[in-house]
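J.:
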Amino acid sequence: MLLVHYTTPTILGGVEQVMGVHAAGLHDAGADVTILAGRGAAPRKAVRIARVPEADSRHRRVERDRVALEGGERTADHDALVKGLIAKIRPHVAWADRVVVHNVMTMPLNLALTEALATLARGDEGRKFIAWTHDIAHFDPRYDGFKHPGEPWSLITQELPGFRYVTVSQERADQLAELTGCPRDSVSVVTNGVDVPAVLDLSRAGRHLAERLRLLDADPLLLLPVRVTREAISRCSSGPAAPGRTT
89 MLLVHYTTPT ILGGVEQVMG VHAAGLHDAG ADVTILAGRG AAPRKAVRIA
139 RVPEADSRHR RVERDRVALE GGERTADHDA LVKGLIAKIR PHVAWADRVV
189 VHNVMTMPLN LALTEALATL ARGDEGRKFI AWTHDIAHFD PRYDGFKHPG
239 EPWSLITQEL PGFRYVTVSQ ERADQLAELT GCPRDSVSVV TNGVDVPAVL
289 DLSRAGRHLA ERLRLLDADP LLLLPVRVTR EAISRCSSGP AAPGRTT
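Per the working numbering, the very first residue in the sequence shown carries number 89; after that it's consecutive.
1) Near Q246, what residues of its chain come up, given a Cβ to Cβ distance below 7 angstroms and the 5 sequence neighbours on each side ignored?
2) For M107 versus H190, is the C-beta distance shorter than 8 angstroms?
3) Quick check on this structure: which residue in E158, P97 and L301 has the alpha carbon closest to the alpha carbon of P237?
4) According to DSSP, is C257 helix, strand or coil?
5) Given a cut-off of 8 angstroms on the beta-carbon distance, is the pair A298 and L290 in contact?
6) So, at 6 angstroms on beta carbons, what are the nonlocal neighbours of T334 in its own chain, with the 5 sequence-adjacent residues on each side left out?
7) Which residues does DSSP pair with S276 in a beta bridge?
8) Enumerated in chain order, which unbroken segments of the beta strand (DSSP E) with a length of 3 residues or greater are wholly contained in the segment 191 to 244?
9) Kindly indicate the opening and closing residues of the beta strand (DSSP E) around R139.
10) Should the segment 220 to 233 be called in touch with the segment 253 to 268, which here means at least 3 C-beta pairs below 8 angstroms?
11) Between G188 and the rest of its own chain, which residues show a CB-CB distance below 6 angstroms, the 5 nearest in sequence each way excluded?
12) From A306, L208, V256 and Q105, pick the residue whose C-alpha is nearest to that of P131; which is it?
13) Going by the beta-carbon positions, is the gap between R139 and G118 smaller than 8 angstroms?
14) Helix, strand or coil: how does DSSP classify T334 here?
15) Short check: CB of D185 to CB of M89, under 8 angstroms?
16) Might you give, ordered along the chain, the residues of its own chain that have their beta carbon closer than 8 angstroms to the beta carbon of L243, omitting 5 neighbours on each side?
17) Rounding to the nearest angstrom, what Cα-Cα distance links H110 and Y253 in this structure?
18) Straight-line CA distance for F227 to P271?
19) Since I believe A129 is in contact with T95 (beta carbons under 8 angstroms), could you give me their beta-carbon distance rounded to a whole number of angstroms?
20) Run through the DSSP bridge pairs and tell me what R127 is partnered with.
21) Please classify V135: is it buried, with 16 or more other beta-carbons within 10 angstroms of its beta-carbon, or exposed?
22) Specify the secondary structure class of V121 as computed by DSSP and reduced to three states.
23) Looking only at its chain, what residues have a beta carbon closer than 6 angstroms to the beta carbon of V150, apart from the 5 residues adjacent to it on each side?
24) How should V284 be labelled, buried or exposed, when 16 other C-beta atoms within 10 angstroms of its C-beta is the threshold for buried?
25) Please report how far the alpha carbon of R154 lies from the alpha carbon of V287, in whole angstroms.
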């Protein structure tokens, strides 16, 4: 399994965090997981990193290319970036049974990477490429400068050959169908999971108790403050109320 993003889960970011959870879960389920990214370290020892510097959205050449593309100019260096990325990524794609691309196919942060992946996917009849869609630039006015005709700008507004699409919400799925014209029922929705024990900062004992009592499966979970009630009863029945206090 090959996961692709600009940076690895050790770099602070929402997409990176979700990808890290996916990598850990896939590994625990027995998958052989590699993360291809331009910057960052492995989130855990069992997950390999394939580092391709030009995949980073903050790589110096990529930043120069992004400025040119925002101005509507496709340069020779963009073409060189695409060619180099294809050559570096192709061997990793060749061995992977699935290539899950996080947020690259609908965002203009590194359009050379977007184009390289689109090119590699065109020759894949098995549709092993999955565009895991967190955000869509077309609906964000901050990216209006990238609305130009032709490639590579049009790549982030199309349903690309060789890709299956997954979104993180129903809203994103509706937007993707509206933008690309793809059938709404062809877009899968997989919401981001929540590590409840981590969010609640449960101790090891607390985790075991929650698992044993299946507290995290309860819906609703009703709490009865018995100790508080008994203490209150004890106070109320211990004797006459103090002056000015109602029992």
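Virtual Cβ for every residue (Gly too), placed ideally from N, Cα, C. Just so we're clear, the structure is a prediction, and the values are computed from it rather than from any experiment.
T.: Looking at the atomic coordinates:
1) Annotation for Q246: T268 place their beta carbon closer than 7 angstroms to its own, counting only its chain and skipping 5 residues before and after.
2) Less than 8 angstroms separates the beta-carbon of M107 from that of H190.
3) Taking only the C-alpha atoms, the option nearest P237 is E158.
4) It is Ser, not Cys, that sits at residue 257 in the sequence shown. Under the three-state reduction of DSSP output, S257 falls in the coil class, being neither helix nor strand.
5) Going by C-beta atoms, A298 is nearer than 8 angstroms to L290.
6) Residue placement at T334 cannot be trusted, given a pLDDT of 48 that sits under 50; what the coordinates show is reported in the next sentence. For T334, where only same-chain residues beyond five positions count, there are no Cβ hits under 6 angstroms.
7) Per DSSP, the beta bridge partners of S276 are V254.
8) You should have 217 to 221.
9) Per DSSP, the unbroken beta strand (DSSP E) holding R139 starts and ends at R136 to R139.
10) Yes, the segment 220 to 233 is in contact with the segment 253 to 268.
11) Looking at the sequence provided, one finds Val at residue 188 rather than Gly. Excluding positions up to five away in sequence, the list reads L91, I218 and W220.
12) P131 has its Cα closest to that of Q105, out of A306, L208, V256 and Q105.
13) No; because the gap between Cβ atoms is not below 8 angstroms, this pair is not in contact.
14) For T334, the predicted model reports a pLDDT of 48, less than 50, meaning its position is unreliable and no value from the coordinates is stated.
15) A distance below 8 angstroms separates the beta carbons of D185 and M89.
16) Counting only Cβ-Cβ distances below 8 angstroms, and skipping sequence neighbours, we find M193, L199, T202, E203 and A206.
17) CA-CA distance, H110 to Y253, rounds to 16 angstroms.
18) So the two alpha carbons sit approximately 19 angstroms from each other.
19) Not quite, the Cβ-Cβ distance comes to about 10 angstroms (not below 8 angstroms), so this is no contact.
20) Beta-bridge pairing by DSSP links R127 to T95.
21) Buried: at least 16 other Cβ atoms inside 10 Å.
22) In the three-state scheme derived from DSSP, where H, G and I count as helix and E and B as strand, V121 is classed as coil.
23) Within its own chain, the residues whose Cβ lies closer than 6 angstroms to the Cβ of V150, once the five positions on either side in sequence are excluded, are N198, listed in chain order.
24) Around the beta carbon of V284, fewer than 16 other beta carbons sit within 10 angstroms, so the residue counts as exposed.
25) Near 36 angstroms, if we compare the C-alpha coordinates of V287 and R154.
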